[in-house]
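Residue numbers (the numbering used here): 26 to 125.
Here a beta-carbon is modelled for each residue, glycine too, at the ideal position from N, C-alpha and C.
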């Protein structure tokens with residue numbers, strides 16, 4: 026696993042009946058990671074941890090490659106169909122998760 030590959034939270038987090046991850050004190054975000062919540066329009070969520078220097082373009086490719094198995098009917102055909110929004114703004118593909 027390279028530093029750009031996420032640590033999928035699917036195996037480390039339990040989910041409630043709505044598919045939303047349950048949180049606990051043990052589920053703190055590591056200081057050296059950026060946590061993203063993948064949210065589908067139907068409300069399903071999945072958590073991923075990334076190295077903060079990862080670009081949005083790389084995140085899209087990794088998310089598409091590691092798309093949750095129980096969401097296959099909603100899997101996008103390409104990374105062009107995936108958008109990331111932060112504070113109401115769409116993030117550019119060349120943007121890093123955390124600015125230097």
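Subject >> Beta-carbon contacts of residue 108 that lie in its chain and below 7 Å, excluding the five residues immediately before and after >> reply: The residue you call residue 108 lines up with position 83 of the chain shown. The residues are 115.
**OP:** Tell me whether residue 74 sits in a helix, a strand or coil according to DSSP, three-state version.
**Re:** Reading the chain shown from its first residue, position 49 is the one you call residue 74. Of the three classes helix, strand and coil, the one that applies to residue 74 here is strand, per DSSP.
**OP:** Tell me, to the nearest whole angstrom, how far the beta carbon of residue 93 is from that of residue 74; I am working on the premise that it is less than 8 Å.
**Re:** On the chain shown, position 68 is the one that residue 93 refers to. On the chain shown, position 49 is the one that residue 74 refers to. Their Cβ separation, rounded to whole angstroms, is 15 Å, which puts residue 93 and residue 74 out of contact at 8 Å.
Original post:
Since residue 81 contacts residue 117 with CB under 8 Å, what's their CB separation in whole angstroms?
Top reply: Residue numbering aside, residue 81 sits at position 56 when the chain shown is read from its first letter. Residue numbering aside, residue 117 sits at position 92 when the chain shown is read from its first letter. The pair is a contact, with the Cβ atoms about 7 Å apart (cut-off 8 Å).
Subject >> Beta-bridge partners of residue 80, as assigned by DSSP >> reply: For the purposes of this step, residue 80 is identified with residue 55 of the chain shown, where counting begins at 1. Paired residue(s): 121.
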